[in-house]
Amino acid sequence: MLNYPKSAYATSFMPDGSSYIAYFKDNASIDAENPNEKFTFFSITACAASNDDQQLTITGHRNDVEINTHTTTILFGKPQFILLNWKDIDNIIFNSFGGTAHPDCGASPGCQVILTQLTIGQID
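Here the sequence shown is numbered in the working numbering, starting from 656 and rising by one per residue.
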């Protein structure tokens, strides 16, 4: 592993050594593999990679209709557990915006997000 002190890369690792599962700037999405499949979106753990007080909006969709939405403030390098328990979803969209550049961060500015945990389950 490369060492990038005071950058987004350094904040993307949990204390137990597991690496992040997703790293994106501004937006990202998760879709069901097949059009007729639905899933439950239980939770995620997220942190900002380069900004303080960054906003993260998560929307859950079913058949192209927004069913759920949640906005929270995420912090630089401090993973936050977000419990949602959204059922019968086929698409999740993550949008990140706002915040100010963290003074000790050497990463490029922007609304970069790190996901360190994601729990999705199949609908019965």
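Cβ atoms here follow ideal geometry from the backbone N, Cα and C, with glycine treated the same way.
The continuous stretches of beta strand (DSSP E) do not include Asp681, and DSSP gives it neither H nor E. Apart from sequence neighbours up to five positions away, the residues of its chain that approach Gly765 with a beta-carbon distance below 6 Å are Lys680, ordered along the chain.
Taken atom to atom, the span from the alpha-carbon of Asp743 to that of Thr714 is near 13 Å. Put simply, the backbone Cα of Gly776 is about 11 Å away from that of Glu692. Residue pairing for Ser705: DSSP places it in no beta bridge.
One alpha carbon belongs to Ile676, the other to Thr771, and they sit about 5 Å apart.
Looking at the DSSP output, Ile737 shares a beta bridge with Ile699. Where His725 is concerned, the enclosing beta strand (DSSP E) starts and stops at Val720 to Ile729. Taking all protein chains in view, the Cβ of Asn706 is crowded by 16 or more other Cβ atoms within 10 Å, so the residue is classified as buried. In this model, Leu711 and Ala687 are separated by some 21 Å (Cα to Cα). Between the alpha carbons of Ala703 and Gln767 lies a distance of about 6 Å.
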